[in-house]
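Protein chains in written order, with this note's numbering: chain A, 184 to 438; chain B, 184 to 438.
Down below is the structure, laid out as structure tokens.
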């Protein structure tokens, strides 16, 4: 699916705790922002439970379809940490104890490298490490798949060792026009008119609801800053011509 | 996949704004908690962009595999609100303007029911409405698929009109044992021993990292309260026997 213009990625969140509602995921949003800054389009995300067959199927579906796949969760030492097994099975390779991780474990724990800690050294054959700058074992990369921790602070730290490995596309520029006190029922027509006149850009409407009634954040996305800026002006004029008064360009100036 | 014991569901989040990193999703967690309270296991979640073919493929994959599917997002009046089209295509039925929604729109807007507002009345043939107690158009149900708003406050309101429609399984009881000042490297062995001795329960370890070092929340889940309670006691004893001192049962008492 790669092209000269568009580089794509998917995220696979592995963990019963997300599906049970126990934990609010924040890793997807962090990876999405990281990828946007690198010019990579996040095209899909999935959440699967700690079940081997589900992990294998999702890894294979997503790594085949997109340029990159990022997984989070399931790389610790406990019996429910089965991500490395799933990724190895998806690639059809064996797991081995990575010598660099074993050396780290011995440096830290000496003789206390028990069976649980050794689990953290298991990496699929052919995998290379992703540094963990916080504490604990590294993640790894195999092919186009990056296998990262689930703890958000550690996951974000690992991203620092990934940016340089990505071929990025053109970075998407995003601008926001905020409408207050008017619902999408009146916004839709001027918005669609501008969208149709500019088919190379993405224009979206993200409504919100407050005690003050409905409003919406209109988002204009494209890869050419001058074009995006011109369309922002065109949209503001179009909204005002439709009788909408409270139109703002947040953090910059009232339109 | 339904059985007398387990009722399953999936969530499909539809929206470019989640994948671009602009918006932090909170609907998955709200639906997960809602389903857990109704005895329904959330088995998978996906996030797809505002692209017709992606929506159709995901709706069909997930509604076939699980007892229920919940979608969020894309049911407003703007040109990028294409969820109803995708769900109708997935079911192979046409869209029509639902007479109850048209009546609501006329009651609210009189002659001002423009083309954009009429878009909000589009429901697949055979769909029944899901009440929106906040403001704006209702959601709908077709077959085993519930189509809900993306604005979190409205999405949560719509769940109030769904619980009575679900056949629930036995509600899962979840208990938490918190370990501080010890990493999974020492927790893993006693945890796995208790997990293997109780194969009918789910035992998970969800590590965290603070300035104080690693710790973990151990979660014991099952459908029989007495059994879950006994395993909590067994796990606490097992952790203490392994030399772990700071073991707590949060919100209840120190273990």
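The beta carbon of each residue, even a glycine, is placed where N, CA and C say it ideally should be.
Three-state class that DSSP yields for residue i in the structure shown
| i | result |
| --- | --- |
| residue 203(B) | coil |
| residue 279(A) | strand |
| residue 428(A) | coil |
| residue 229(B) | strand |
| residue 387(B) | strand |
| residue 208(A) | coil |
| residue 453(A) | Past the boundaries of the shown model lies residue 453(A); chain A is included only from 184 to 438, so the question cannot be answered. |
| residue 437(B) | A caution first: residue 437(B) carries a pLDDT of 41, below 50, which makes its placement in the model unreliable, though a value can still be read off. Reduced to three states, the DSSP call for residue 437(B) is strand. |
| residue 187(B) | Note that residue 187(B) has pLDDT 46, beneath the 50 cutoff, so the model's placement of it is unreliable and no number is given. |
Contact set for residue i: own chain, Cβ-Cβ below 6 Å, skip 5 residues either direction
| i | result |
| --- | --- |
| residue 436(A) | Note that residue 436(A) scores 41 on pLDDT, short of 50, meaning its location in the model is unreliable; the coordinates nonetheless yield the value given after this. Nothing meets the Cβ criterion. |
| residue 186(B) | The predicted model places residue 186(B) with a pLDDT of 38, which falls under 50 and marks its position as unreliable; any figure quoted below should be read in that light. Cβ neighbours of residue 186(B) beyond the five flanking positions: none. |
| residue 243(A) | 273 |
| residue 286(A) | none |
| residue 218(B) | 192 and 225 |
| residue 340(A) | 316 and 317 |
| residue 194(B) | 211, 214, 228 and 253 |
| residue 255(A) | 196, 210, 331, 333 and 338 |
| residue 417(B) | 377 |
| residue 366(A) | 397 |
First and last residue of the uninterrupted beta strand (DSSP E) at residue i
| i | result |
| --- | --- |
| residue 306(A) | 305-307 |
| residue 404(B) | 396-405 |
| residue 296(A) | That residue, residue 296(A), is in no beta strand (DSSP E); it is neither H nor E in DSSP. |
| residue 255(B) | 251-255 |
Cβ-heavy atom distance, residue i to the ligand SAH, below 7 Å
| i | result |
| --- | --- |
| residue 267(B) | With respect to small molecules bound, the structure shown includes none, and the ligand SAH cannot be examined in it. |
Residue range of the unbroken alpha helix (DSSP H) whose run includes residue i
| i | result |
| --- | --- |
| residue 269(A) | 266-274 |
| residue 242(B) | 235-248 |
Contacting residues, own chain, Cβ-Cβ under 7 Å from residue i (five flanking each side not counted)
| i | result |
| --- | --- |
| residue 276(B) | 307, 308 and 309 |
| residue 389(A) | 399, 400 and 402 |
| residue 184(B) | With a pLDDT of 35 at residue 184(B), under the threshold of 50, the predicted position of this residue should be treated as unreliable, though the coordinate-derived value follows. Cβ within range, chain order: 191, 248, 249 and 250. |
| residue 362(B) | 370, 398, 399, 401, 422, 427, 429 and 430 |
| residue 305(B) | 267, 278 and 280 |
| residue 350(A) | 190 |
| residue 283(A) | 312 |
| residue 257(A) | 197, 198, 233, 264, 265, 266 and 333 |
| residue 408(B) | 356 |
| residue 346(A) | 221 |
| residue 239(B) | 269, 272 and 273 |
Own chain residues within Cβ distance below 8 Å of residue i, not counting five before or after
| i | result |
| --- | --- |
| residue 383(A) | 405 and 410 |
| residue 200(B) | 206 |
| residue 245(A) | 193, 195, 227, 229 and 252 |
| residue 380(A) | 417 |
Under 9 Å by beta carbon: chain E residues contacting residue i
| i | result |
| --- | --- |
| residue 370(A) | Note that chain E does not occur in the displayed structure, where the protein chains are A and B. |
Point to revise | Sufficient close CB pairs (3 or more, under 8 Å) joining the segment 220-231 of chain A to the segment 222-234 of chain B | key: yes
Check your understanding: Can you find at least 3 beta carbon pairs, one from the segment 393-404 of chain B and one from the segment 349-366 of chain B, that sit closer than 8 Å?
Key -> yes
Point to revise | Complete runs of the alpha helix (DSSP H) confined to the segment 315-367 of chain B [at least 4 residues] | key: Runs of the alpha helix (DSSP H) inside the segment 315-367 of chain B: 335-342.
Review point. Is the segment 415-427 of chain A touching the segment 323-342 of chain B, taking contact as three or more C-beta pairs under 8 Å?
Key: Contact check between the segment 415-427 of chain A and the segment 323-342 of chain B: fewer than three CB pairs, one atom from each, fall below 8 Å, which does not count as touching.
Review point. Taking contact to mean at least 3 C-beta pairs separated by less than 8 Å, is the segment 359-371 of chain B in contact with the segment 280-300 of chain A?
Key: yes
Check your understanding: Between the segment 251-262 of chain A and the segment 374-381 of chain B, do three or more beta carbon pairs fall short of 8 Å?
Key -> yes
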